[in-house]
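Here is the structure we will look at.
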DNA sequence: CTCAGAATCAGCCTAAAGTATGAGGGAAAA
DNA sequence: TTTTCCCTCATACTTTAGGCTGATTCTGAG
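Residue numbers (the UniProt record's numbering), protein chains in the order written: chain A, 1 to 156; chain B, 1 to 156.
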């Protein structure tokens, strides 16, 4: 019942307004009936009144148009930009697991000798790996490889 | 003149509508005048008609209600270029302008020879600078210097 | 099973990087 | 003015990096 009331509020309002105005008209009629020539004025009055009512109804009850504007807000990643490996670029290079490992240690500033010691293999092995890394990454120096790998998000 | 027309378009339209409707009323009057009791029906008709006109006017000529809703969409940017030199750490190292310049080029993967060419100086000069850089940064390899400098925010 | 790729190692050679020492010129501070 | 950096260049030497060739072992895909 409540729902029905709110749902048809505008209709009820309009009906009541109409009824009241008709009543007023009836009363006015008694006053202006004597003046026959005032009929057009009377009709015009009604017209203006109800025009105003219509405008009021339209403005009051029309649902406002919602305009959604999507604003792109640039968000920079916080200080330590959580590093996630760019798998696509990593695959493109064709680096093997061991080669990537060597590349990472290179980036930390270790010499081939130190890398060899850390991975418990010979210097020759690391030289082979590092050569492969340079070849696969299409560079000529380890510093270039490091720079490129960082730019491609292959290493942190 | 043209401007005046467009500016008062709504007023003119309303006036014309009113005039036409009053004329119609006048005509209707001749038909319904015989029926005295039909006066309320007649008034109600006018009321409904002009209500409709009012609604139409309001909807057609009023600036539509627009509720602008701003939705912020977060766009994440990889590797923000917002780099600011850590002046404190830079001073601690005691690096001179030229030495810092060489360090930056080192980090881009350039060889001493290439750096020399780029700065229009001899290889010897760059070797001297690079040695000074390694000494002042307390490292033994350029890769270490690069890694350390990046971690200290001395270079991007 | 065979073949390809990955990982391991070695030797040899060149290129680049790094160390040490010295030295001249310029600019700014003491 | 003298001192102190900074930038420049050179020569000689050692170490590290990188290129090239070739070899062995192992594993997974075809």
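We put the beta carbon where it would ideally sit given N, CA and C, even for glycine.
Expected contact under 8 Å - CB spacing of residue i and residue j to nearest Å
{"i": "residue 139/B", "j": "residue 109/A", "result": "7 Å"}
{"i": "residue 89/A", "j": "residue 154/A", "result": "6 Å"}
{"i": "residue 147/B", "j": "residue 149/A", "result": "Residue 147/B to residue 149/A, Cβ: 13 Å. No contact."}
{"i": "residue 142/B", "j": "residue 130/B", "result": "7 Å"}
{"i": "residue 116/A", "j": "residue 125/A", "result": "7 Å"}
Option nearest residue i by Cα separation, candidates the options
{"i": "residue 128/A", "options": "117/A, 120/A, 143/A and 112/A", "result": "112/A"}
{"i": "residue 102/B", "options": "87/B, 119/B and 86/B", "result": "119/B"}
{"i": "residue 93/A", "options": "85/A, 146/A, 141/A and 133/A", "result": "133/A"}
{"i": "residue 151/B", "options": "86/B, 49/B and 130/B", "result": "86/B"}
{"i": "residue 156/A", "options": "95/A, 99/A and 104/A", "result": "104/A"}
{"i": "residue 135/A", "options": "49/A, 88/A and 100/A", "result": "100/A"}
{"i": "residue 91/B", "options": "114/B, 137/B, 130/B and 107/B", "result": "137/B"}
{"i": "residue 144/B", "options": "122/A, 84/A, 114/A and 121/A", "result": "114/A"}
Worksheet entry | Contained alpha helix (DSSP H) runs [length at least 4] in the UniProt domain "HTH luxR-type" (87 to 153) of chain B, N- to C-terminal order | 87 to 93, 97 to 107, 112 to 119, 123 to 136 and 142 to 151
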